[in-house]
Each structure stands twice: as structure tokens, then as C-alpha cells.
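The numbering of the sequence shown is my numbering, which starts it at 7 and goes up by one.
Have a look at the structure below before the remarks.
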Amino acid sequence: MLARSAGSALSKHATPGFRSRGCLRSHWKSARVLARSATSVSVPASVDDADIIALFDYPSSTQNSTCHTPTGLFGFPVLTTPSSFNALADSTLRRAELLTDRVLRARESRSELFKVVKNLDRLSNLLCGVIDLAELIRNAHPDSSWIRSAEEVYEKLCEFMNVLNTHVGLYEVLRAVLSDADVVKSLSVEAHQTALIFWRDFEKSGIDLPPDQRNRFVSLSTEIMLLGRQFLNGSASPRPPAAIAPSELQGLKDLGMGARLRLQAQVTQRDLHVYPGSMQAQMIMRSAPSEEARRKVYMAGNTSTPQQIAILERLLHARGELARLVGKESFAHMALTDKMAKSPEHVQYFLDAILDHTRPYAESALRALSMRKQAHLNTPPFPVIQAWDRDYYCPPEPPAPPVTLPPLTLGTVVMALSRLFKNLYGVSLQLSEAAPGEIWDTDVRKLEVVDEETGLLGWIYADVFARRGKPSGAAHYTVRCSRRTDDDDELGDLVLADENDKAVVQMSREFEATHQRRIPGQEGVFQLPIVVLVCEFSRPSIRGGPTILEWHEVLTLFHEMGHAMHSMIGRTEYQNVSGTRCATDFVELPSILMEHFLNSPAVLSLFDRDGTVDIRQTGNHHEDPCRSIDTHTQILLASLDQIYHSPAVLSPNFDSTAALAKLYETRGLIPYVPGTSWQTQFGHLFGYGATYYSYMFDRAIASRVWRKLFAHDPLNRETGEKYKCEVLRYGGGKDPWTMVGALLNAPELESGDAEAMAEVGRWKIEDEVAMPGRH
Numbered sequence: 007m008l009a010r011s012a013g014s015a016l017s018k019h020a021t022p023g024f025r026s027r028g029c030l031r032s033h034w035k036s037a038r039v040l041a042r043s044a045t046s047v048s049v050p051a052s053v054d055d056a057d058i059i060a061l062f063d064y065p066s067s068t069q070n071s072t073c074h075t076p077t078g079l080f081g082f083p084v085l086t087t088p089s090s091f092n093a094l095a096d097s098t099l100r101r102a103e104l105l106t107d108r109v110l111r112a113r114e115s116r117s118e119l120f121k122v123v124k125n126l127d128r129l130s131n132l133l134c135g136v137i138d139l140a141e142l143i144r145n146a147h148p149d150s151s152w153i154r155s156a157e158e159v160y161e162k163l164c165e166f167m168n169v170l171n172t173h174v175g176l177y178e179v180l181r182a183v184l185s186d187a188d189v190v191k192s193l194s195v196e197a198h199q200t201a202l203i204f205w206r207d208f209e210k211s212g213i214d215l216p217p218d219q220r221n222r223f224v225s226l227s228t229e230i231m232l233l234g235r236q237f238l239n240g241s242a243s244p245r246p247p248a249a250i251a252p253s254e255l256q257g258l259k260d261l262g263m264g265a266r267l268r269l270q271a272q273v274t275q276r277d278l279h280v281y282p283g284s285m286q287a288q289m290i291m292r293s294a295p296s297e298e299a300r301r302k303v304y305m306a307g308n309t310s311t312p313q314q315i316a317i318l319e320r321l322l323h324a325r326g327e328l329a330r331l332v333g334k335e336s337f338a339h340m341a342l343t344d345k346m347a348k349s350p351e352h353v354q355y356f357l358d359a360i361l362d363h364t365r366p367y368a369e370s371a372l373r374a375l376s377m378r379k380q381a382h383l384n385t386p387p388f389p390v391i392q393a394w395d396r397d398y399y400c401p402p403e404p405p406a407p408p409v410t411l412p413p414l415t416l417g418t419v420v421m422a423l424s425r426l427f428k429n430l431y432g433v434s435l436q437l438s439e440a441a442p443g444e445i446w447d448t449d450v451r452k453l454e455v456v457d458e459e460t461g462l463l464g465w466i467y468a469d470v471f472a473r474r475g476k477p478s479g480a481a482h483y484t485v486r487c488s489r490r491t492d493d494d495d496e497l498g499d500l501v502l503a504d505e506n507d508k509a510v511v512q513m514s515r516e517f518e519a520t521h522q523r524r525i526p527g528q529e530g531v532f533q534l535p536i537v538v539l540v541c542e543f544s545r546p547s548i549r550g551g552p553t554i555l556e557w558h559e560v561l562t563l564f565h566e567m568g569h570a571m572h573s574m575i576g577r578t579e580y581q582n583v584s585g586t587r588c589a590t591d592f593v594e595l596p597s598i599l600m601e602h603f604l605n606s607p608a609v610l611s612l613f614d615r616d617g618t619v620d621i622r623q624t625g626n627h628h629e630d631p632c633r634s635i636d637t638h639t640q641i642l643l644a645s646l647d648q649i650y651h652s653p654a655v656l657s658p659n660f661d662s663t664a665a666l667a668k669l670y671e672t673r674g675l676i677p678y679v680p681g682t683s684w685q686t687q688f689g690h691l692f693g694y695g696a697t698y699y700s701y702m703f704d705r706a707i708a709s710r711v712w713r714k715l716f717a718h719d720p721l722n723r724e725t726g727e728k729y730k731c732e733v734l735r736y737g738g739g740k741d742p743w744t745m746v747g748a749l750l751n752a753p754e755l756e757s758g759d760a761e762a763m764a765e766v767g768r769w770k771i772e773d774e775v776a777m778p779g780r781h
């Protein structure tokens, strides 16, 4: 109920005062001169542009300069050591206990009833503010002592959060609030939405069950978490290798690795062991003429042990049992009640519609591959394309820009993002210097996000360079959300506190008071958002020069910055609906839309710092002819996710592999391969259980928004303001269907019914640049 955490990667903190850039600007001066000397200056980059380029393109050993007084992590003075983090957790825990007691007493005073929703949101903010910070630290901090501290803090506060989520007393107080017409009438739209979120989450936690059934709910929830971890560990674990005979390597197209493999086979005169997922396995799947070699590699990579299958099926069964316990037909029915889809039946409307549109294109692409296979093997017409044929007859190509571009440095791309946000929203990224102790690695960069009218919106910490021990992948972490703080009535929490309590909670109060601002032109004081972007780009160096991004890395950065801008612009009074704290099937819309902007030459011209680069169409940019096959596969994955979270899993005869085979027989295009069970590698079944359709759903909406609003004039400020004001600024504080309907001038969508879901499914996913699986 209270855990509306955005700290987990969404795929996943600063000093107070005015911008202070003088010291860092002098440090970067010589680098900026070097950057400009290479070209003739036609339209000079602004000072902020040049600062950004220098900040990201040149190595720095003085991130913790002497220009600032030493502070703690993210500029929190109370967070200087791992032990101080544990002390902060204890202080937060005691403060949360006092606030919980206050909410429980609310029915004793009518004035307190009017404060319940605010106080529940404050309680959530207290806990999430530390839990989200712990989530970031345990995933990104290089110091093992900080990681251990974060693990302890995370476990301690999550345990208390779980108690609150099933607290009957809090539920009854909220029931009293929502049953009081005068109190409900006093709530703003955002406050009422927050109250309903609390209410629905309480009900999902089985709050109104008898004690014995509620205990069963808790034990099932714990079992699901443990099984989920086992499932994820199994899906990521290495699989046995395929034994490839030397004769099966003949004709490999790859002149480098292929030649080495053939030589190794000739020297050893033994079968080569090729591990699934390895570079050798990928090379064989893409370039080995021998179908048997490709078949062996495919089988090795898509076969599961009985133990792995049993773990998945126990997980699915436990979820089904949990849903039945709270009166829902299936886990999908339980999970989707607060999503845009509302029900699995509505999801199916969407999937059926998008499958009907995609299938003819995928069939046409498969026919083309079949003709290639026929010519290659000299077979009768139209041989069947098997699962191991896809990459050989249509090798995946890395994404490429639609126009000719010079090599793009990381600093240039961040500068272009700032220019894009300036054009669309009047918001820019500006260099900010980290004080000593503020960042967890010297490679972390800090940016201020500044609105031209209201000033500072928040801070982005960019931990974007690879380092030893750092987890792979890209993520957006919300470390702190927006919320209004001047009406907290904090002293009311301490009415029954003794002097010892007041001393204990002081650390938490100081932590929460950091990074609050009065917003010009708006009523109230706000807690400003803090986000972290985590990537694994190569580091710049004096010898190697700036980091040059591949195009897929540019896509990744644009995607994650879409999440970041949602966090920054989604300034709400309640942290439970701030920024990316919105429905799972809505949260990817801003990030996927950002990738569409990379289709526009007008936007790509923003990469040119001085106006001297010729941005032009190449004339040879082609769409991936097999994209429709991959889209069809994604639809099947979403369908499988729905099947696995349907009532069927509670049948004693449920067989996840048989369900997979039946789906391919009835809706697939490439035949199911007997003996395979790749569902145990479908890791999203845990984190995105019953909601895997969300990414494709948001792709469809983003594609529509791009075509209708931005494609013809992507830098238009009026359009950007409309999107900003209709979507981004509300976070999760407004019904997503209402936002999308208003944005697209399509009131028929606002009901969010079955027909609305089907209509989204009928929208063509055009100008699509997102890679499946990015979240």
C-alpha cells in the first residue's frame, strides 16, 4: 500500500542554493577551448552547451573540488558514512512509528480526519525516501561497506513497510475518510487519486480477510518473493554447452572468430563446446551454413531442467492462489485493476487487434526468408523457417541513424538532449558541481534541471561510465520524489513524543528538510526530485579521447532521459503520484516517445554544436525487413504472460511447456520446437507478471503521439507545452486515459473500456526505434 517505490530501475540529491559553477567552469576552460578549436565557429554553442560537453567528454580527477564544503551522499549532510545510513534508518523508523500512531488516532479529532491522506502520503515518503536510496546504493555504490549498510537498511524498512501494508487499523481510518462526504469533498483531484491508490493497495493486500486467511496471504507473498528470486537466478544461470562437430563449422561467414573456431576444431579434432549466449553462439546462429550447428545451439539455449520448470510453475500457482484468496479470478485480474487495461479481457482486446495488424507483415517477411532458404539449400518451394533459421537468413543489424552523422561523443548527445528539452519545454540541463562526499564515484556527473520560468526543477546524477563490479544495463532510479512540504504539520507528529523520541527523530527530520524549495509563481514549498541515470558507456580518457556512443547507446540515453524528464516535470503535491509513480502500462510512454525524436533530421541537427555539420538524408537507410517477425514474437510473449497468470495455472494438470507449445500451434508463425522450454528464461514473468503487454501498449501510444503531434514539426514549443501540460506534469495524479484522450483530441478513449484498448491495438507502430526489452 505505502510502497509506491520508483527507486527500482525502470528499467531505475544535491546541495541547496543557487547554481554555483564558477570553480568547475574554470577547470573545464582549457578543455572547452580544445573542443572548439577543431572547427570553425559558425553558430557558437552557448556556455551551458560547452560546459555540458566538457563535463562528459573529458576525464576529471577533481569532481570533489574544494569549491564546496564537504557534505554527504547526494548533498544530505546526515549521510556521510555507512553507519550514518543505519542511524538514518533507525531515526526514520521511529519517526514513521510516531506518524503511524497519529494516523491511527485520527478519528478522535475531526480536523485530523482531513489530514489523513496527506499523512499517509508523508508516511510513505518517509519510508520510500530511504528505501529508494538504499536500492540505488546497493546497486551502484562501489564500496562494499556502503552496500552492506544499504542491504540492512532496505531489509529493515521494507519489513516495517510490509507491516503497514496489512495494518487493519490504517485501513479502517482510510475507510472512515472515504466514507465522510465532507472530507472527500475537501480533497483535490490529486489527493483523491492518492487516497484511492492507498485503498486499492490495501485491498490487494487482503486487508479485509479474516486473521487466518490474512496470515496465509502474508505467507504466500513471502513464498512468491522467494520463488521469484530462485526463478530469476535460474533464468540468468549458465546453460550446458552445445557440442558442435568440426564439419558443422564449414563455410562460416565470419572471417575472424569463425576462422579461429575452425582452426581450433582442426587442431583438436574434437567437438567444440559452445555455450548459449556466448559470442561464439551468436556468431554460429548468424553465419553458420550448417543447419545442424544452428539447431544444436538453439536447443542448448532453450532447454530447461525439470527443477527450473518446477520453480516457475510453483511461482505461477502461488500467485493464482493469492488472487483467489482476495476474491479475484486470477492473478491477472488482481494485478490489472489499477492499470490502464483494467482486466485481462481488455488486454486480450489489445493483443488481438495488434496481432491482426502485425500478422500479414510477419507472414510476408517469413515468406521472404523461406525463399532465401530455398535458394540456399535448393529445396522445393517455401521450406519451413525454423526457430534457428531466423538470424541466419535475416541477420539482425545494429540500429543506425536515419541520416549521416559524425561520431557522437557522450557530451554532444547530452547537449542535444538539453537543446531538445529547451525547445519543447523551456527546460535545460545545466552543469552543477558535486561537493566532496556527494557522489559515490569520481566518474559520476551532476546536472541541474532548470525551467526558464520557475527555476530549479531537480537534479540528475549521471553514473553512466562502466566500472569493475557495476551491474550491466541501463536504468533510471528515482531517489527522491516531488511533493509539497509546507503544509506537513510536522509538529503534530510529536504531540505524544517524549524528549528521547524528539532527539531520535531529528536526524530523519534534517534528512527530509534537505533540498526543499519555494517555487516562484506557485503556492507552497516543494521537495525537489532527485534521479540517477545508470549506464555502462566506455570512459573518456586523455589518451583515448571522449566517449563515442554507438547508435543503440544514443537510443538508450534518450530513453532513460525520457523517464528523468517525467520525474522532473511531474511535480505533484503528493509523492505517491509524482513523476514515474504511475500505472505500469503508462510509465514507458514518455521514454519510448523520446526515442522517436531520433527519427527527425531537425532533432539530429541539435547534435551539431556549432552549425557546421551537414545533416542530410543518406538515401540508403532501410527498415529491418524482419522487424514484423520480432514484433509478432513480442505479442506472443505478452500472450504467454497472460496465459501464465490466468485461472488455468490452478489446474492440477497445468503444464507451462504444454501451454507454450499450444500458443505456438494456434497463434505462432515459426513452429514450436519439441523438447524446448524457453519460458524459464522469460525473466520478465516475475517483475512484469501479467503486465508484459505494457511495453508494446506504450509503443503503440507513443507511435500515435509522435505521428499526430510531433512528426511534422518536432521542435515546436506549442506542441511540447501541450504534451508537458497534458501528460508529464501530472505524473500518476490523473487518469492516464484522460491524459491520452486530451492529448490526442480523442475523447472516445477516455472511458478506457474494451473498445479503447482495441483501438490502441489497431494503431500502427510506425517510426519504431525502440529495441524489445528496454525498460
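A virtual CB, placed ideally from N, CA and C, is assigned to each residue, including glycine.
Just so we're clear, the structure is a prediction, and the values are computed from it rather than from any experiment.
Nearest-angstrom Cα separation, counted from residue j out to residue i
i           : j           : result
residue 241 : residue 311 : 11 Å
residue 293 : residue 77  : 55 Å
residue 211 : residue 137 : 20 Å
residue 382 : residue 366 : 24 Å
residue 193 : residue 90  : 38 Å
residue 373 : residue 388 : 7 Å
residue 794 : residue 398 : The question about residue 794 has no answer here: the residues shown for the chain are numbered 7 through 781.
residue 810 : residue 132 : Nothing can be reported for residue 810: it is not among the residues displayed for the chain, which extend from 7 to 781.
residue 64  : residue 404 : 27 Å
residue 726 : residue 52  : 22 Å
residue 495 : residue 144 : 33 Å
residue 611 : residue 354 : 41 Å
residue 421 : residue 283 : 35 Å
residue 363 : residue 645 : 15 Å
As assigned by DSSP and simplified to three states, the class of residue i
i           : result
residue 461 : strand
residue 787 : No information on residue 787 is available, as it lies outside the stretch 7 to 781 that the chain covers here.
residue 703 : helix
residue 381 : helix
residue 470 : strand
residue 532 : strand
residue 512 : helix
residue 518 : helix
residue 245 : coil
residue 450 : coil
residue 594 : coil
residue 673 : helix
Same chain, Cβ closer than 7 Å to residue i, neighbours up to 5 away in sequence not counted
i           : result
residue 93  : 513
residue 179 : 109, 110, 112, 113, 122
residue 462 : 454, 456, 523, 534
C-beta atoms of residue i and residue j nearer than 7 Å
i           : j           : result
residue 454 : residue 438 : yes
residue 578 : residue 584 : yes
residue 557 : residue 407 : yes
residue 163 : residue 60  : no
residue 223 : residue 331 : yes
residue 277 : residue 251 : yes
residue 572 : residue 734 : yes
residue 444 : residue 84  : no
residue 471 : residue 449 : yes
residue 433 : residue 599 : no
Which residues DSSP lists as bridging residue i, in chain order
i           : result
residue 555 : 414
residue 434 : 456
residue 484 : 537
residue 547 : 551
residue 580 : None; residue 580 has no bridge partner.
residue 445 : Paired residue(s): none; residue 445 is not in a bridge.
residue 250 : 278
residue 615 : Beta-bridge pairing links residue 615 to no other residue.
Residue i Cβ short of 6 Å to the ligand ZN heavy atom set
i           : result
residue 221 : Looking at this structure, you won't find the ligand ZN or any other ligand, since it has none at all.
Sequence-distant residues of its chain with Cβ nearer than 6 Å to residue i (five each side left out)
i           : result
residue 747 : 753, 755, 756
Same chain, Cβ closer than 8 Å to residue i, neighbours up to 5 away in sequence not counted
i           : result
residue 350 : 336, 338, 339, 342, 648, 651, 652, 696
residue 369 : 675
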